[in-house]
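Novice:
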Amino acid sequence: MPVKIAEPGDHDPVRSRISVSGLVQGVGFRPFVWREATVRGLSGWVGNDAGGVILEVEGPPEAVASLLGALARPPALARVDEVRSQALRPDGGRGFEIRGSSVEGARRALVPPDTATCADCAREVRDPADRRYRHPFVNCTSCGPRFTIVQSVPYDRARTTMADFQMCAACRAEYDDPADRRFHAEPVCCPRCGPSLRLTGTLAPAPDRPIAGAVAVLRSAGIVAVKGLGGYHLAAAADQEAAVSALRQRKHREDRPFAVMAADLTAARQLCEVSPAESDLLLSPARPIVILRRRPGAGVACSVAPGALTLGVMLPYTPLHGLLLDAYGGPLVLTSGNISDEPIAFEDADAVRRLSGIADAFLTHDREIRTRVDDSVVKIAAGRVLPMRRSRGYVPAPLLLAQEAPVPILSCGSALKNTFCVTRGRQAFVSQHIGDLADYATMRSYLDGISHLQRLLDVTPAVVAHDLHPDYPSTQHAMELPDVELVGVQHHHAHIASCLADNGHAGPVIGVAFDGVGLGADGSAWGGEFLLTDLLTYSRAAHLAEVAMPGGDAAARQPWRMAAAHLDAAYDGAIPAGLAVVRRQGPRWEKVLAACRAGINSPLTSSAGRLFDAVAALIGLRDVVTYEGQAAIELEQIADPAERGSYEMAISDEPVARIQVGQLIRAVAADVLSGTQPPVVAARFHHALAGAILATCSQLRDKSGLSTVALSGGVFQNALLLARCLSLLEDRGFTVLTHRQVPPNDGGISLGQAAIATAILSARGNLEAPGQDASAATVASQST
Ligand SMILES: [Zn+2]
Ligand SMILES: [Zn+2]
């Protein structure tokens, strides 16, 4: 029967077919629609299809319009990109039903990211009257494990590591009830039917009360390996120096700061300053580690973050973490379960094997982790969100590219901080943080990650983008793939393209790519680059003046080598007497200078990262680093916020302009010799670099007419430099693009490679000219 309305005319029932695209599958969208339609008395149905969610609704026009409005306020985890509506003839049906997925819809459905415990679930865990009281695996359609437990698609329980846990009748009833918030929550479970927690290990005093037992180990300064969402953490009492320094020693980790988990926002505020933007990040469903400014006298042991003014803090993101933090009653160091730079352990047997020498006990459970995923790291810099590592909580949600490539693309990423990326249509799926591919175990997870993601997306890439560096394991992987078209992408072009894709911008822009080192189109080591670029092509318009990198890769680990090279170049061999950095190195100094002058294993580089290293060593901050970027991080941290001074850096008037670094180095050395305090020099150095970036961009704007600047590369993780560049550039009328979703470091390279390959394929498609394939592929790697 048609829906009868009292008045005729305008109030006759209407029927609409509505399609919703975006992240709308596996996030409780269909039950959301069911509820919204039911409360409005609408009839019809909702289901998944290839493009997202599709529904038909019938009823009074104002009720249908109101439902359309409601779709703009979707469930927490959903992201609506587009809503399209089409009028149909009313058919008078009754009731509203949720339909199963079409075969195609199920096949194309997106696997959602893992999501922190929602407020409803957190309440249940703490409610003694709830049947899930203290159950460490509570979840619902708004929260819980997803990507880390998915084995294959379509995404349903049978294809996750929850398959072995048979739902009890009570859980099944919730799972089947569209009005319940656990409707089709694939990992739904309870104490009767879900995974179980246990505590193992030599010091485990209470095997029947695992959390209490773990807390006892932590209180006695022991270390507990805790199985989380994407792998094992190592936990230690953050306020006990003995515990934290033991953890450092056993993990072979010298200086790199440990992250801390605080029980809640209040506890986080006791450790650090937390701005509104930072608390939003801390509480966001992704629950990343947020880099915060540490309060003086924050109650954490010195060894947590030696010498650092900041602290990486995260809040509990699984019920297990919540229960553990509640029971412990203070902040815990929660660092990746590994030794040194290996990937984190995520398989139980491997964790026991690798972590037994570190952990006194294991707080573990029998829900398998399918995919290793590290914690994400984010900070707020200059008022903007700045991702440092995009992994748990964000992956595998796709980014939307400006164009659609005709075929799926795999981009292989960089060598350090590796991620890879697979495209499908306009969607770019950037992988979880993989790490340093030189490590064998990391390389294995890289290869497994690529084939797993391709399976989940049901694509076989026909085009493979890679870095120009032939020694990158990721490049070598690309070269070994059969029957694919290869697209070589210059490293810094990829950085800027990554920033463009991150901002949905197609260019052209003035790209400022400052990082450690990437292979340039001329075969030299670039790293302080100004490119006039869009997604298709680039030209190198300016760069930092080159100096030798004595010892090649050794220079990255020993900043004093860069001080030697920079001083030698700046003073043309006549380095002034009295510099402490020279004295500290003894006879090694002259040996390295000799090799440098003879050009022995001393490739030239325009690297900005190595310039930070040189200045850090020159002012006596650090001669040797124990992790990548350490000298630059410390130089940023010590910089005196009250200092206003700067140094001059002239820009040469060449077709490809050089920024004169020698002048800067001489000014720094003069300050050091006159006894200027390192924090003052550090501040002036940052100001000088930002000033040089402004001057160069202004010069390039005059030449090119471009007034949009994209800042990318690992150096732009430096909040002080970023903030200074932003204010200088915006004051002069530039529009400045910075990274918001993927990191400016090499973790963003795969997205840039994918965006460039997509642009090349699209351009070729538009040209539809024969014989374009070979030339188009090289466009990206040519310097014009
Ligand atoms: Zn929940
Ligand atoms: Zn159950």
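Residue numbering for the sequence shown follows this note's numbering, starting at 13 and increasing by one per position. For every residue, glycine included, the Cβ atom is placed at its ideal position computed from N, Cα and C.
Just the Cα atoms here: how many angstroms apart are Pro-25 and His-245?
Specialist: Looking up residue 25 in the sequence shown gives position 13. Looking up residue 245 in the sequence shown gives position 233. Rounded to whole angstroms, Pro-25 to His-245 spans 57 Å at the Cα level.
Novice: Please confirm if the region 330-341 is in contact with the region 137-152, defined as three or more CB-CB distances below 8 Å between the two stretches.
Specialist: yes
Novice: According to the neighbour-count rule (16 or more other Cβ atoms, all chains shown, within 10 Å of its Cβ), is Ile-612 buried or exposed?
Specialist: As a first step, residue 612 must be located in the sequence shown, where it is residue number 600. Burial is judged here by how many other beta carbons sit within 10 angstroms of a residue's own beta carbon; Ile-612 has fewer than 16 and is exposed.
Novice: If you measure from each CB to the nearest heavy atom of ligand 2 and keep those under 5 Å, what residues do you get, in chain order?
Specialist: Cys-180, Cys-183, Cys-202, Arg-204 and Cys-205
Novice: Keeping to the same chain, check which residues put their C-beta closer than 8 Å to that of Ser-287; ignore five residues upstream and five downstream.
Specialist: For the purposes of this step, residue 287 is taken as residue 275 along the sequence shown, with counting starting at 1. For Ser-287, where only same-chain residues beyond five positions count, the Cβ hits under 8 Å are Ile-392.
Novice: Is it true that the region 407-420 meets the region 201-211, where meeting means three or more beta-carbon pairs spaced less than 8 Å apart?
Specialist: No: fewer than three Cβ pairs fall under 8 Å.
Novice: Measuring CB to CB, does Pro-482 end up less than 9 Å from Met-561?
Specialist: Numbered from its first residue, the sequence shown carries residue 482 at position 470. Numbered from its first residue, the sequence shown carries residue 561 at position 549. No, these two residues do not count as a Cβ contact at 9 Å.
Novice: For Asp-188, which residues of its own chain have a beta-carbon under 8 Å away from its beta-carbon, when the five flanking residues on both sides are left out?
Specialist: In the sequence shown, counting from the first residue as 1, residue 188 sits at position 176. Counting only Cβ-Cβ distances below 8 Å, and skipping sequence neighbours, we find Phe-195.
Novice: With DSSP run on the structure shown, which of helix, strand or coil describes Lys-803?
Specialist: Past the edges of the chain, shown from 13 to 796, lies residue 803, and the structure says nothing about it.
Novice: Would DSSP call Phe-526 helix, strand or coil?
Specialist: Translated into positions along the sequence shown, residue 526 becomes position 514. Phe-526 falls in the strand class under three-state DSSP.
Novice: Gln-729 and Leu-283 - do their beta-carbons sit closer together than 9 Å?
Specialist: In the sequence shown, the residue the question calls residue 283 occupies position 271. In the sequence shown, the residue the question calls residue 729 occupies position 717. The criterion of a C-beta distance shorter than 9 Å is not satisfied by Leu-283 and Gln-729.
Novice: Between Ser-257 and Ser-315, which are expected to be in contact by the criterion C-beta below 8 Å, what is the C-beta distance as a whole number of angstroms?
Specialist: In the sequence shown, the residue the question calls residue 257 occupies position 245. In the sequence shown, the residue the question calls residue 315 occupies position 303. The Cβ separation is near 4 Å, so the contact holds.
Novice: Quick one: what does DSSP say Glu-715 is sitting in, helix, strand or coil?
Specialist: Sequence index remark: in the sequence shown, residue 715 carries index 703 (1-based). With the sequence shown as reference, residue 715 is identified as Lys, and Glu is not the correct amino acid for it. Reduced to three states, the DSSP call for Lys-715 is helix.
Novice: Can you look up Tyr-550 in the DSSP assignment and give me helix, strand or coil?
Specialist: If you number the sequence shown from 1, residue 550 lands on position 538. Residue state, collapsed to three classes: strand.
Novice: What are the start and end residues of the alpha helix (DSSP H) that includes Ala-181?
Specialist: Looking up residue 181 in the sequence shown gives position 169. Here the alpha helix (DSSP H) through Ala-181 covers 181-188.
Novice: Can you have a look at Leu-7 and say buried or exposed, based on whether 16 or more other CB atoms are within 10 angstroms of its CB?
Specialist: Residue numbering for the chain in the displayed model covers 13 to 796; residue 7 lies beyond these limits and cannot be assessed.
Novice: Helix, strand or coil, according to DSSP, for Pro-148 in the structure here?
Specialist: Walking along the sequence shown from the start, residue 148 turns up at place 136. Looking at Pro-148 - three-state DSSP - the assignment turns out to be coil, as it is neither helix nor strand.
Novice: Can you tell me where the beta strand (DSSP E) holding Gly-334 begins and where it ends?
Specialist: By 1-based counting over the sequence shown, the position of residue 334 is 322. Per DSSP, Gly-334 lies in no beta strand (DSSP E); the unbroken alpha helix (DSSP H) holding it starts and ends at 331-340.
Novice: If you draw a straight line from the alpha carbon of Ala-274 to that of Val-345, how long is it in whole angstroms?
Specialist: Numbered from its first residue, the sequence shown carries residue 274 at position 262. Numbered from its first residue, the sequence shown carries residue 345 at position 333. Taking the straight line from one Cα to the other gives about 9 Å.
Novice: Are Ile-351 and His-478 close, meaning C-beta to C-beta below 9 Å?
Specialist: By 1-based counting over the sequence shown, the position of residue 351 is 339. By 1-based counting over the sequence shown, the position of residue 478 is 466. Contact flag unset, no.
Novice: Using a Cβ-Cβ cutoff of less than 6 Å, which residues in the same chain neighbour Ala-801 once the five nearest sequence positions on both sides are dropped?
Specialist: Residue 801 is absent from the model: the chain starts at 13 and stops at 796.
Novice: What I want to know is whether the C-beta of Thr-129 ends up closer than 8 Å to one or more non-hydrogen atoms of ligand 1.
Specialist: As a working note, residue 129 is residue 117 in the sequence shown. Yes, since a heavy atom of ligand 1 falls inside the 8 Å radius drawn around the Cβ of Thr-129.
Novice: To which residues of the same chain is Asp-168 closer than 6 Å at the C-beta, ignoring the five residues directly before and after it?
Specialist: On the sequence shown, position 156 is the one that residue 168 refers to. Closer than 6 Å at the Cβ level, and outside the excluded window around Asp-168, lie Glu-198.
Novice: Can you say whether Glu-541 is buried or exposed, counting buried as having 16 or more other CB atoms within 10 angstroms of its CB?
Specialist: Within the sequence shown, numbered from 1, the residue matching residue 541 stands at position 529. Result: buried.
Novice: Taking the straight line between their C-alpha atoms, what separation do you get for Gly-519 and Asp-743?
Specialist: In the sequence shown, counting from the first residue as 1, residue 519 sits at position 507. In the sequence shown, counting from the first residue as 1, residue 743 sits at position 731. Going from the Cα of Gly-519 to the Cα of Asp-743 covers about 21 Å.
Novice: Could you check the C-alpha separation between Leu-749 and Lys-429 for me, to the nearest Å?
Specialist: Indexing the sequence shown from 1 puts residue 749 at position 737. Indexing the sequence shown from 1 puts residue 429 at position 417. Cα to Cα, Leu-749 sits roughly 22 Å from Lys-429.
Novice: Can you tell me which of the three DSSP states His-23 falls into?
Specialist: Walking along the sequence shown from the start, residue 23 turns up at place 11. If DSSP states are grouped into helix, strand and coil, His-23 belongs with the helices.
Novice: Using the three-state DSSP reduction, which class does Gln-765 fall into: helix, strand or coil?
Specialist: Position 753 of the sequence shown holds residue 765. Residue state, collapsed to three classes: helix.
Novice: Quick check: the Cα distance between Val-499 and Gly-516, rounded to an integer number of angstroms?
Specialist: Locating residue 499 in the sequence shown gives position 487, where the first residue counts as 1. Locating residue 516 in the sequence shown gives position 504, where the first residue counts as 1. Rounded to whole angstroms, Val-499 to Gly-516 spans 22 Å at the Cα level.
Novice: According to the Cβ coordinates, are Arg-869 and Val-58 closer than 9 Å?
Specialist: Because the chain is modelled from 13 through 796, residue 869 falls outside the range shown and cannot be assessed.
Novice: Taking only runs that begin and end inside the region 37-117, name each unbroken alpha helix (DSSP H) of 4 or more residues, in chain order.
Specialist: 41-51 and 73-82
Novice: Mind pulling the beta strand (DSSP E) runs of 3 or more residues that sit fully within the region 643-707?
Specialist: 669-671
Novice: Distance, Cα to Cα, Ala-629 vs Pro-588?
Specialist: What you label residue 629 is simply residue 617 of the sequence shown in a count that begins at 1. What you label residue 588 is simply residue 576 of the sequence shown in a count that begins at 1. Cα to Cα, the separation comes out at about 16 Å.
Novice: Give a yes or no on whether the minimum CB-CB distance between Ile-462 and chain B is below 9 Å.
Specialist: Absence of chain B from the displayed structure is noted, only one protein chain being present.
Novice: Skipping 5 residues on each side, what residues in its chain have a beta carbon closer than 6 Å to that of Glu-660?
Specialist: Numbered from 1 along the sequence shown, position 648 holds the residue referred to as residue 660. Excluding positions up to five away in sequence, the list reads Gln-675.
Novice: Could you check whether the Cβ of Gly-405 sits closer than 8 Å to any heavy atom belonging to ligand 1?
Specialist: As a working mapping, residue 405 is identified with position 393 in the sequence shown. No; taking the cut-off as 8 Å, the Cβ of Gly-405 has no heavy atom of ligand 1 nearer than that.
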